[in-house]
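Peer 1: Here you go, one structure.
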Amino acid sequence: MAVPKFSVAEYLPLDVIPLILEHLTDRSVGFHRPDLIAQCRKALRLCVHLEGFTWSDDSTEGTDESDFIAYLEILQTLPLRELVIRTFYGLSDTVWERLQNFTALTKVSIWCMEGKPRILQGWSEKLGATLTHLELGRCSGVPASILISVLAQLPRLRALRLKGAPSAAILEILTFLPHLETLDTEYFGAAALSRYDDVPAANLRELTVRTSSVHIQGFQQLWPWIRRLTPRTSLESLTLNAFSTQGEAFVPRAFLLDMAHTHGATLKHINADSTQMTLKDLECLCTVFPQLQTLSCSAMFSAETEAYEDAVRKADNLRELRMNINNWAHIRMESLEKTAVEKSVRNMMLREGSVLRVVGMGSTVYRGQWVCGKAEDGTNILNFEIVSNVVQDRWD
Numbered sequence: 004m005a006v007p008k009f010s011v012a013e014y015l016p017l018d019v020i021p022l023i024l025e026h027l028t029d030r031s032v033g034f035h036r037p038d039l040i041a042q043c044r045k046a047l048r049l050c051v052h053l054e055g056f057t058w059s060d061d062s063t064e065g066t067d068e069s070d071f072i073a074y075l076e077i078l079q080t081l082p083l084r085e086l087v088i089r090t091f092y093g094l095s096d097t098v099w100e101r102l103q104n105f106t107a108l109t110k111v112s113i114w115c116m117e118g119k120p121r122i123l124q125g126w127s128e129k130l131g132a133t134l135t136h137l138e139l140g141r142c143s144g145v146p147a148s149i150l151i152s153v154l155a156q157l158p159r160l161r162a163l164r165l166k167g168a169p170s171a172a173i174l175e176i177l178t179f180l181p182h183l184e185t186l187d188t189e190y191f192g193a194a195a196l197s198r199y200d201d202v203p204a205a206n207l208r209e210l211t212v213r214t215s216s217v218h219i220q221g222f223q224q225l226w227p228w229i230r231r232l233t234p235r236t237s238l239e240s241l242t243l244n245a246f247s248t249q250g251e252a253f254v255p256r257a258f259l260l261d262m263a264h265t266h267g268a269t270l271k272h273i274n275a276d277s278t279q280m281t282l283k284d285l286e287c288l289c290t291v292f293p294q295l296q297t298l299s300c301s302a303m304f305s306a307e308t309e310a311y312e313d314a315v316r317k318a319d320n321l322r323e324l325r326m327n328i329n330n331w332a333h334i335r336m337e338s339l340e341k342t343a344v345e346k347s348v349r350n351m352m353l354r355e356g357s358v359l360r361v362v363g364m365g366s367t368v369y370r371g372q373w374v375c376g377k378a379e380d381g382t383n384i385l386n387f388e389i390v391s392n393v394v395q396d397r398w399d
């Protein structure tokens, strides 16, 4: 018998749900099955060990917040530590006032498409002793001074994600967050180089920067800005999403060398799919960052497959390499003999000292592994097998 949608609340005994539930997500079940609302609330009251709750409402026609408020009243009686809110419309003042009653949260994530930007004003001082993870999905239009004053009251933060925050304020924010390890933010141009000269107190381990420009020259100040965010040896992961309407931006060689001077001994992961690199840049990365384990970027096409082998020859710790070949080069990439590409991939994986096991070239990903097989005489032998698959369709 087929089990109908939203069957959990109907068929699971209420005294069983709390035993298996530590994090609850409500995706507006009341809209689809209003008859289940009472049962959901009844079950929620029994979840005495509940630590996380996610409220998701993507309705674009407005919403009655009474259901959410009813959940909040119940959640106040539980040992809630994490709260995630994702709505199309913003949060009313009534809901915001109720939220400020939660004073022991370790994670808060708020993503709203409309309404007032909610950046923890009036709430941050109550969370300063506990909050370690914060995501604010709508900071656009908020003055830098207000954002700085709010975040300065959260000195225990270890992970921070901001969307729409003034780039010029980021450097000052980092001076108030000595324990911050993960930062995900945006860069909005030359104005990001503020007159604030203090060195950030944070030692970032993971940095994600998102930016876009109508022309490639718009990224010129991006590179010194990133270096100012990471002045000391600490960075382990760098993700860069930089888009331009006039083509892909090249990562300056000087930036790579400057970053290597500071983070050469620590950087393990680089994800720069939207930025262009030459094979010589790849070779430089694999040389100056000896601890590199994963690398993803847009690479220039080369008809000589040995050039790809040379680029990673010094990457003894590299485990995963993904190279997005530009659309204009797809046809030429596909024109290469499949056997020649697979031979180069095998050479990269089996090179002495290599631990590389995943290679992506364009839309094809190759994965290698040792498997146990049988020799002709029946004895066990180890064979290195490579399998490939297309991870995405190419649109022409």
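For our numbering, count along the sequence shown from 1 and bump the result up by 3.
Note that the Cβ used here is the ideal one computed from N, Cα and C, for glycine as well.
Throw me the rounded Cβ distance for the PRO120 and ARG101 pair, which I believe falls under 8 Å.
Peer 2: Counting from one through the sequence shown, the residue named residue 120 turns up at place 117. Counting from one through the sequence shown, the residue named residue 101 turns up at place 98. Not quite, the Cβ-Cβ distance comes to about 18 Å (not below 8 Å), so this is no contact.
Peer 1: Indicate the three-state DSSP secondary structure (helix, strand or coil) for MET364 in the structure shown.
Peer 2: In the sequence shown, the residue the question calls residue 364 occupies position 361. Strand, per DSSP.
Peer 1: Within the continuous alpha helix (DSSP H) that includes MET352, where are the two ends?
Peer 2: To locate residue 352, count along the sequence shown from 1; it is residue 349. Start and end: 341-353.
Peer 1: Please report the residue range of the beta strand (DSSP E) in which SER299 lies.
Peer 2: Taking the sequence shown and counting its residues from 1, one reaches residue 299 at position 296. Where SER299 is concerned, the enclosing beta strand (DSSP E) stretches over 297-302.
Peer 1: Could you tell me which residues DSSP pairs with VAL390 in its beta bridges?
Peer 2: Translated into the one-based positions of the sequence shown, residue 390 becomes position 387. Beta-bridge pairing links VAL390 to ARG370.
Peer 1: So if DSSP puts SER111 in a beta bridge, which residue, or which two residues, is it bridged to?
Peer 2: As a working note, residue 111 is residue 108 in the sequence shown. For the sequence presented, residue 111 should be read as Val rather than Ser. Paired residue(s): LEU86, LEU137.
Peer 1: Can you tell me which residues form a DSSP beta bridge with ALA162?
Peer 2: Working through the sequence shown from its first residue, we reach residue 162 at position 159. Its beta-bridge partners are HIS136, THR185.
Peer 1: Would the beta-carbon of LEU160 fall within 8 Å of that of LEU137?
Peer 2: Working through the sequence shown from its first residue, we reach residue 160 at position 157. Working through the sequence shown from its first residue, we reach residue 137 at position 134. Taking 8 Å as the Cβ cut-off, LEU160 and LEU137 qualify as a contacting pair.
Peer 1: Would you say VAL87 and GLU68 are within 8 Å of each other, going by their C-beta atoms?
Peer 2: Walking along the sequence shown from the start, residue 87 turns up at place 84. Walking along the sequence shown from the start, residue 68 turns up at place 65. No, Cβ-Cβ distance for VAL87 and GLU68 is not below 8 Å.
Peer 1: Quick one: complete beta strand (DSSP E) runs, 3+ long, within the segment 35-75?
Peer 2: 55-60
Peer 1: Based on the DSSP secondary-structure assignment, which residues constitute the bridge partners of MET326?
Peer 2: As a first step, residue 326 must be located in the sequence shown, where it is residue number 323. The partner list for MET326 (beta bridge, DSSP) reads CYS300, MET364.
Peer 1: Report the residue from PHE91, THR57, ALA132, VAL111 whose alpha carbon sits nearest the alpha carbon of GLU117.
Peer 2: Within the sequence shown, the letter at position 114 stands for residue 117. Selected option, being the one with the closest Cα: PHE91.
Peer 1: Grab the span of the alpha helix (DSSP H) containing ARG213 for me, first residue to last.
Peer 2: Here residue 213 refers to the residue found at position 210 of the sequence shown. That residue, ARG213, is in no alpha helix (DSSP H); its beta strand (DSSP E) goes 209-216.
Peer 1: Any idea which residues DSSP pairs GLY376 with across the strands?
Peer 2: Position 373 of the sequence shown, counted from the first residue, corresponds to residue 376. DSSP lists ILE384 as the bridge partner or partners of GLY376.
Peer 1: Assign TYR311 to one of three DSSP states: helix, strand, or coil.
Peer 2: Translated into positions along the sequence shown, residue 311 becomes position 308. DSSP places TYR311 in helix when its eight states are reduced to three.
Peer 1: List the DSSP bridge partners of ILE273.
Peer 2: Within the sequence shown, numbered from 1, the residue matching residue 273 stands at position 270. DSSP, once it has assigned bridges, lists LEU241, LEU298 as partnering ILE273.
Peer 1: Here's a check: name, in chain order, each residue in its chain whose Cβ is nearer than 7 Å to the Cβ of THR178, leaving out the five neighbours to either side.
Peer 2: Working through the sequence shown from its first residue, we reach residue 178 at position 175. Excluding sequence neighbours, THR178 sits near ASP201, PRO203, ALA204.
Peer 1: I believe VAL153 touches SER112 by the beta-carbon criterion, under 8 Å. Please report the beta-carbon distance rounded to the nearest angstrom.
Peer 2: Residue mapping note: residue 153 aligns to position 150 of the sequence shown, counting from 1. Residue mapping note: residue 112 aligns to position 109 of the sequence shown, counting from 1. Not quite, the Cβ-Cβ distance comes to about 15 Å (not below 8 Å), so this is no contact.
Peer 1: Any heavy atom of the ligand GDP closer than 7 Å to the CB of HIS264?
Peer 2: In the structure shown, the ligand GDP is absent, as is every other ligand, since no ligand is present at all.
Peer 1: Straight-line CA distance for ILE72 to SER59?
Peer 2: One-based indexing of the sequence shown puts residue 72 at position 69. One-based indexing of the sequence shown puts residue 59 at position 56. Those two C-alpha atoms are separated by around 13 Å.
Peer 1: Please classify LEU353 as buried or exposed, where buried requires at least 16 other C-beta atoms within 10 Å of its C-beta.
Peer 2: The count along the sequence shown starts at 1 and reaches residue 353 at position 350. The residue is exposed, with fewer than 16 neighbouring Cβ atoms inside 10 Å.
Peer 1: Rounded to whole angstroms, what's the CA-CA distance from PRO146 to GLU189? Just pull it up for me.
Peer 2: For the purposes of this step, residue 146 is taken as residue 143 along the sequence shown, with counting starting at 1. For the purposes of this step, residue 189 is taken as residue 186 along the sequence shown, with counting starting at 1. If I take the Cα positions, the gap works out to 15 Å.
Peer 1: Consult DSSP for SER143 and reduce its assignment to one of helix, strand or coil.
Peer 2: The sequence position of residue 143 within the sequence shown is 140, counting from 1. Correct three-state label for SER143: coil.
Peer 1: Between LEU81 and chain C, is the shortest Cβ-Cβ distance under 8 Å, so that the two count as touching?
Peer 2: Checking the listed chains, one finds no chain C in this structure; it contains a single protein chain.
Peer 1: Kindly list the residues whose CB is nearer than 6 Å to the CB of ASN327, restricted to its own chain and excluding five residues on each side of it in sequence; keep chain order.
Peer 2: To locate residue 327, count along the sequence shown from 1; it is residue 324. Counting only Cβ-Cβ distances below 6 Å, and skipping sequence neighbours, we find ASP276, SER301.
Peer 1: To the nearest angstrom, how far is the alpha carbon of GLY376 from that of LEU385?
Peer 2: Within the sequence shown, residue 376 is the residue found at index 373, counting from 1. Within the sequence shown, residue 385 is the residue found at index 382, counting from 1. Between GLY376 and LEU385, the C-alpha separation is close to 6 Å.
Peer 1: Could you round the C-beta distance between ARG370 and VAL358 to whole angstroms and report it? I think they count as a contact, below 8 Å.
Peer 2: On the sequence shown, residue 370 is found 367 positions in, with the first residue counted as 1. On the sequence shown, residue 358 is found 355 positions in, with the first residue counted as 1. Going by Cβ atoms, the distance from ARG370 to VAL358 rounds to 13 Å, so no, they are not a contact pair.
Peer 1: Is the distance from the Cβ of ARG322 to the Cβ of GLN294 below 8 Å?
Peer 2: One-based indexing of the sequence shown puts residue 322 at position 319. One-based indexing of the sequence shown puts residue 294 at position 291. No. Outside cutoff.
Peer 1: Leaving out five residues before and five after PHE253 in sequence, what residues of the same chain have Cβ atoms less than 6 Å from its Cβ?
Peer 2: For the purposes of this step, residue 253 is taken as residue 250 along the sequence shown, with counting starting at 1. Result list for PHE253: GLN279, in chain order.
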